[in-house]
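Down below is the structure, laid out as structure tokens.
Numbering (my numbering), first residue to last: 345 to 424.
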């Protein structure tokens, strides 16, 4: 993609966690699996992410959707 992963992560704490995971994986650590919410305006999504060591100190990311459903974001909900 030509951009750093940190360009897509909004907060410093999460960037730090990913840096620590990357360091551990490159040092020979076991693959890491994360489950997290990644909502978009009209969908609530639960995603599964696996990160493992790749070739030449690279990393491999595999993502899958565990659950996705339509929803109205709180700012879009209408009171009766």
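All C-beta atoms, glycine included, are put in the ideal place defined by N, C-alpha and C. Source: prediction; values computed, not measured.
Counting C-beta neighbours from all protein chains within 10 Å, is the total for residue 361 16 or more, i.e. buried, or is it exposed? exposed
Within the same chain, show all residues whose beta-carbon is closer than 8 Å to that of residue 318, passing over the 5 residues directly before and after it, in chain order. In the structure as shown, the chain starts at 345 and stops at 424, and residue 318 therefore has no counterpart that could be examined.
Nonlocal neighbours in the same chain, by C-beta distance under 7 Å from residue 390, ignoring five residues either side: 379, 381, 410, 411
Determine the direct distance from the alpha carbon of residue 351 to that of residue 373, and round the result to whole angstroms. 25 Å
Cα-Cα, which of 348, 353, 415 is closest to residue 385? 415
Taking residue 353 as part of the alpha helix (DSSP H), name the residues at either end of that continuous run. Careful: residue 353 lies outside any alpha helix (DSSP H) and carries neither H nor E.
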